[in-house]
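Going left to right, the sequence shown walks through residues 1 to 245 as the working numbering numbers them.
A virtual CB, placed ideally from N, CA and C, is assigned to each residue, including glycine.
Computed from a prediction, not measured in an experiment: that's the story for all the values here.
Here's the structure, in structure tokens; my notes come after.
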Amino acid sequence: MIRSPATPLAVAKWITIASAVVTLGCATKALIYPEPEWNTLLPPGVSSNPKQFLADIAAVPKADSVHERARSGNCLFCTVNVRIQTLGETWRIKPDTGPATGLPIARIDNLDRRHQEARFGFRPSTEAVYFFWVDRNPRSMRARLTVLQVPISGGVVTAGHQKDLHLCHHRPANQKPTSDVDFYEYRYDGPCTEVATTLSPGMTEASLLPSTTVAALFARVAAIIGRGMMFAEGGWIDCNSGCCT
């Protein structure tokens, strides 16, 4: 059988492309979603004992808002389903003046049995559950959000991903305030208009991810090998003034 001299070159080309895609995918995960660190000091009033913490917040009412969202997993091109349940009345939170007493505003469960979520590092709910906690930053008086990790069996409550909350979008006129917590990519498309001027080009306060051009490039590379690719952004809450991130 006579083979075209172009065949080995074509095979080599596709091997190179496939290797580059895998390498790019792994590097992208490492670049955008660094391994989470749970070494932030616990906010005042948060017990390090998992059972005590869950008992302390048991009386906090669940809001009507509950979402089940697909999120990027820590495995190449995979997704996990995450449930986020709003707690209490988030619309009372003022970004410029945080609550004097901290409070949980959402519970998050990773419904996947094996893989952890990529951005926040949510482990499967058989191992740990997570809470968004809001209190007052003692250095600035601003509302401050902290992610709490509560192990299911043994261990201690740990904290990470701490940041001040900022107004992202004003609530439209005559729109009724609601209590809601969700992930940014499921509510808004585009940068936060109220804080965009303070950020580097191509970045948003909500996500701190690369520009949409870069994200589109990664999505296109993933499509070449026939699999989807998601970019999990940060969270937002329905706060006193509108949307806060």
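Where residue i sits in the DSSP three-state scheme
{"i": "residue 176", "result": "coil"}
{"i": "residue 90", "result": "helix"}
{"i": "residue 106", "result": "strand"}
{"i": "residue 59", "result": "coil"}
{"i": "residue 117", "result": "strand"}
{"i": "residue 43", "result": "coil"}
{"i": "residue 28", "result": "Per-residue confidence for residue 28 stands at a pLDDT of 45, beneath the threshold of 50, marking its modelled position as unreliable; no derived number is given."}
{"i": "residue 36", "result": "coil"}
{"i": "residue 51", "result": "helix"}
Candidates the options: closest to residue i by CA position
{"i": "residue 183", "options": "70, 240 and 96", "result": "70"}
{"i": "residue 169", "options": "47, 240 and 103", "result": "240"}
{"i": "residue 97", "options": "140, 153 and 179", "result": "140"}
{"i": "residue 128", "options": "50, 81 and 63", "result": "50"}
{"i": "residue 143", "options": "103, 116, 38 and 123", "result": "103"}
{"i": "residue 118", "options": "72, 81, 41 and 91", "result": "72"}
{"i": "residue 99", "options": "234, 133 and 59", "result": "133"}
{"i": "residue 186", "options": "179, 235 and 159", "result": "235"}
{"i": "residue 105", "options": "122, 85 and 120", "result": "85"}
{"i": "residue 156", "options": "68, 48 and 34", "result": "48"}
{"i": "residue 163", "options": "62, 58 and 245", "result": "245"}
Residue i, buried or exposed, once every other Cβ within 10 Å from all chains shown has been counted against 16
{"i": "residue 166", "result": "buried"}
{"i": "residue 55", "result": "exposed"}
{"i": "residue 107", "result": "buried"}
{"i": "residue 193", "result": "exposed"}
{"i": "residue 41", "result": "exposed"}
{"i": "residue 110", "result": "buried"}
{"i": "residue 152", "result": "exposed"}
{"i": "residue 112", "result": "buried"}
Bridge partners - residue i, DSSP secondary structure assignment
{"i": "residue 236", "result": "182"}
{"i": "residue 124", "result": "110"}
{"i": "residue 67", "result": "84"}
{"i": "residue 165", "result": "For residue 165, which the question treats as bridged, DSSP gives no partner whatsoever."}
{"i": "residue 79", "result": "72"}
{"i": "residue 144", "result": "135 and 164"}
{"i": "residue 242", "result": "170"}
{"i": "residue 95", "result": "According to DSSP, residue 95 bridges with nothing at all."}
{"i": "residue 193", "result": "Answer is none; residue 193 lacks a bridge partner."}
{"i": "residue 159", "result": "40 and 148"}
Any non-hydrogen atom of the ligand NAP within 7 Å of residue i CB
{"i": "residue 34", "result": "This structure does not include the ligand NAP; it has no bound ligands of any sort."}
Specify whether the segment 169 to 184 and the segment 140 to 157 touch according to this definition: at least 3 beta carbon pairs, one from each stretch, less than 8 Å apart.
-> no
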